[in-house]
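At position 153 of the sequence shown the residue is numbered 153 (the UniProt record's numbering), and the sequence of numbers has no breaks.
Yeah, the Cβ is synthetic: ideal placement off N, Cα and C, and Gly gets one too.
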Amino acid sequence: MAKDNIDRRQIVLDTALKMIVENGIQAASMGKISKESGVAVGTIYHHFSSKEDLIRELYKEVNMKILKKFISIPKGDKPYETFCNLIKSIISYGLENPDEYEFMERYSRNPVIGKALKMEMEQMLRKESSNFFNNIPTKKNVKELPYDLSSIYISGAISEFIRAQIYEEIQVDNEHTDIFIKMIWNGLTK
1 MAKDNIDRRQ IVLDTALKMI VENGIQAASM GKISKESGVA VGTIYHHFSS
51 KEDLIRELYK EVNMKILKKF ISIPKGDKPY ETFCNLIKSI ISYGLENPDE
101 YEFMERYSRN PVIGKALKME MEQMLRKESS NFFNNIPTKK NVKELPYDLS
151 SIYISGAISE FIRAQIYEEI QVDNEHTDIF IKMIWNGLTK
């Protein structure tokens, strides 16, 4: 695919993201995305077979960015330090990319995404997070919790922490972030 086509595809995804977050999925028609992005409707349909396909690709792209960020964190032999780095990485991603974060928060359960794609993305994240927890040298200190429940616990806490900052409900400094991470860690360890 030529660079120009990749750039146009990315422009369409970026425009769709902004429009969906600002006005909702229903208000983001292909025509409006075309007008806002400056990319012809025919070109959009060259890259995406439908609006639903565009939304699924956007969901996949945002998930892959988050996963790459997650994978890029060095996993050392100090589990708590690694855990802190992972959580801080997720928090910083959400704060640095509020539109992507908001899209994921609002639409990850939308039927347009589809169960198969959602499961595929969750399996990749599950694999990476399992790699982290399975490689903790002092595993006896980690509570035996079902993955689904611990995932809800961690992601729910992080989600509210990020949201409270995005919407300026709380002012957070490094000390608050460290306390927050310690609270999550204490919920997972003995």
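- Task: Identify whether Val-172 lies in helix, strand or coil by the three-state DSSP scheme.
- Result: Shown here, Val-172 sits in coil according to DSSP, grouped into three states, outside any helix or strand.
- Item | Same chain, Cβ closer than 7 Å to Trp-185, neighbours up to 5 away in sequence not counted | Tyr-80, Phe-83
- Task: Return the CA-CA distance between Lys-18 and Gly-38, expressed in angstroms with no decimal places.
- Result: 14 Å
- Would you call the CB atoms of Asn-110 and Ile-25 closer than 9 Å? In this structure, Ile-25 lies closer than 9 Å to Asn-110 by Cβ.
- Query: So Asn-85 is in the alpha helix (DSSP H); what residue range does that whole segment cover?
  - Reply: Run containing Asn-85: 79 to 96, per the alpha helix (DSSP H) assignment.
- Query: So Phe-48 is in the alpha helix (DSSP H); what residue range does that whole segment cover?
  - Reply: Here Phe-48 belongs to no alpha helix (DSSP H), and DSSP marks it neither H nor E.
- Item | Beta-carbon spacing of Met-119, Ile-66 below 9 Å | no
- Opening and closing residue of the alpha helix (DSSP H) in which Ala-164 lies: Counting along the chain, the alpha helix (DSSP H) containing Ala-164 begins and ends at 147 to 166.
- Query: If you compare alpha carbons, which of Ile-166, Ile-179, Ile-87 is closest to Ile-158?
  - Reply: Ile-87
- Enclosing alpha helix (DSSP H) for Ile-33 [first to last residue]: 30 to 37
- Query: How would you call Tyr-101, buried or exposed, if buried means at least 16 neighbouring beta carbons within 10 angstroms?
  - Reply: buried
- DSSP three-state call for Val-112: helix, strand or coil? Val-112 sits in coil when the DSSP states are folded into three classes, being neither helix nor strand.
- Item | Nearest neighbour of Glu-61, chosen from Phe-161, Ile-113, Asp-178, Lys-182 [CA to CA] | Ile-113
- Message: What does the Cβ neighbour count give for Met-121, buried or exposed, with the cut at 16 atoms within 10 Å?
- Response: buried
- Backbone secondary structure at Leu-54 - three-state DSSP: helix
- Query: Cβ of Leu-188 within 9 Å of Cβ of Leu-125?
  - Reply: No; because the gap between Cβ atoms is not below 9 Å, this pair is not in contact.
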